[in-house]
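Taking it in order: structure first as structure tokens, then the write-up.
Chains as they are written, first to last, in my numbering: chain A, 1 to 115; chain B, 1001 to 1115.
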């Protein structure tokens, strides 16, 4: 389909392991966002890309979290030394223009469970 | 930094009842306001948005919201709900100017409509 695609849809890992979550945005969308949603909460901002560069990474909780978007399309969120508190649904969204219509197109999320 | 409060965590209505979901935000400047909806098993999608002009905005599926600047509110309304409106509803805000493009979400309101 033409929507935002996220893989894997579910990931179970052990504490201390490394995890990568992938986001394939809608073709042509220049802005890409990562959010994290814990149970009973709304999406919490992590990082925003405009093209290849991270325009705002103020939401990343600590230096175990890192994200890249090397060619301005697909993005990968990387989590090192996972902790149980990292368990959440990680949402990716894209948006078509720099000016920002405000409409974010979300994927279905990657559910991460850290045992 | 901006924040959003949604006071109703879970609302249960019968079909044809009227709906109003509360949303209040905190921010010192002008804002853009949004309501997103997440139907069971689906991704988040935009319901409606306010940027400027008429404070009463209409969205998809008969929803509307009114921006009351003096109350820092953006409540969502629908005159007659349907069973298919069962979903989680999120209010979101972002500054209308500046480099910050990400949305700040509230914690959501789960709406259950009984047939």
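From the three backbone atoms N, C-alpha and C, an ideal C-beta is built for every residue, glycine too.
Contact with chain B by residue i, beta-carbon distance below 9 angstroms
i: residue 91 of chain A; result: yes
i: residue 67 of chain A; result: no
i: residue 40 of chain A; result: yes
i: residue 18 of chain A; result: no
i: residue 114 of chain A; result: no
i: residue 43 of chain A; result: yes
i: residue 60 of chain A; result: no
i: residue 24 of chain A; result: no
i: residue 55 of chain A; result: yes
i: residue 108 of chain A; result: yes
i: residue 94 of chain A; result: no
CB contact check: residue i to chain A, cutoff 9 angstroms
i: residue 1007 of chain B; result: no
i: residue 1101 of chain B; result: yes
i: residue 1024 of chain B; result: no
i: residue 1032 of chain B; result: yes
i: residue 1108 of chain B; result: yes
i: residue 1049 of chain B; result: yes
i: residue 1004 of chain B; result: yes
i: residue 1077 of chain B; result: no
i: residue 1112 of chain B; result: no
i: residue 1065 of chain B; result: no
i: residue 1104 of chain B; result: yes
i: residue 1074 of chain B; result: no
Beta-bridge partners of residue i, as assigned by DSSP
i: residue 91 of chain A; result: A:35
i: residue 23 of chain A; result: A:6 and A:75
i: residue 1142 of chain B; result: As shown, chain B starts at 1001 and ends at 1115. That puts residue 1142 of chain B outside it, with no answer to give.
i: residue 1050 of chain B; result: B:1033
i: residue 1058 of chain B; result: B:1064
i: residue 111 of chain A; result: A:10 and A:89
i: residue 1044 of chain B; result: Residue 1044 of chain B is not bridged to any residue.
i: residue 50 of chain A; result: A:31 and A:53
i: residue 1109 of chain B; result: B:1089
i: residue 1025 of chain B; result: B:1004
Helix, strand or coil at residue i according to DSSP, with G and I counted as helix
i: residue 84 of chain A; result: helix
i: residue 1018 of chain B; result: coil
i: residue 11 of chain A; result: strand
i: residue 137 of chain A; result: As displayed, chain A neither begins before 1 nor continues past 115, which places residue 137 of chain A out of reach and without an answer.
i: residue 1070 of chain B; result: helix
i: residue 1005 of chain B; result: strand
i: residue 1080 of chain B; result: coil
i: residue 1114 of chain B; result: strand
i: residue 1013 of chain B; result: strand
i: residue 103 of chain A; result: coil
i: residue 1038 of chain B; result: strand
i: residue 62 of chain A; result: coil
Contact belief for residue i with residue j at Cβ below 8 angstroms, rounded distance in angstroms
i: residue 56 of chain A; j: residue 1102 of chain B; result: 6 angstroms
i: residue 88 of chain A; j: residue 36 of chain A; result: 5 angstroms
i: residue 1002 of chain B; j: residue 1025 of chain B; result: 6 angstroms
i: residue 1004 of chain B; j: residue 1067 of chain B; result: Actually they do not touch by this definition, with Cβ atoms about 13 angstroms apart.
i: residue 8 of chain A; j: residue 110 of chain A; result: 6 angstroms
i: residue 1094 of chain B; j: residue 1031 of chain B; result: 7 angstroms
i: residue 68 of chain A; j: residue 23 of chain A; result: That belief does not hold up - the Cβ atoms of residue 68 of chain A and residue 23 of chain A are roughly 11 angstroms apart, past 8 angstroms.
i: residue 114 of chain A; j: residue 30 of chain A; result: About 32 angstroms; that fails the 8 angstroms criterion.
i: residue 1043 of chain B; j: residue 49 of chain A; result: Incorrect: roughly 19 angstroms between the Cβ atoms, too far for contact.
Short CB-CB distance (under 9 angstroms) between residue i and chain C
i: residue 1046 of chain B; result: This model lacks chain C altogether; the protein chains it does include are A and B.
Cβ-heavy atom distance, residue i to the ligand FAD, below 8 angstroms
i: residue 1051 of chain B; result: The ligand FAD is not among the ligands present in this structure, which contains no ligands whatsoever.
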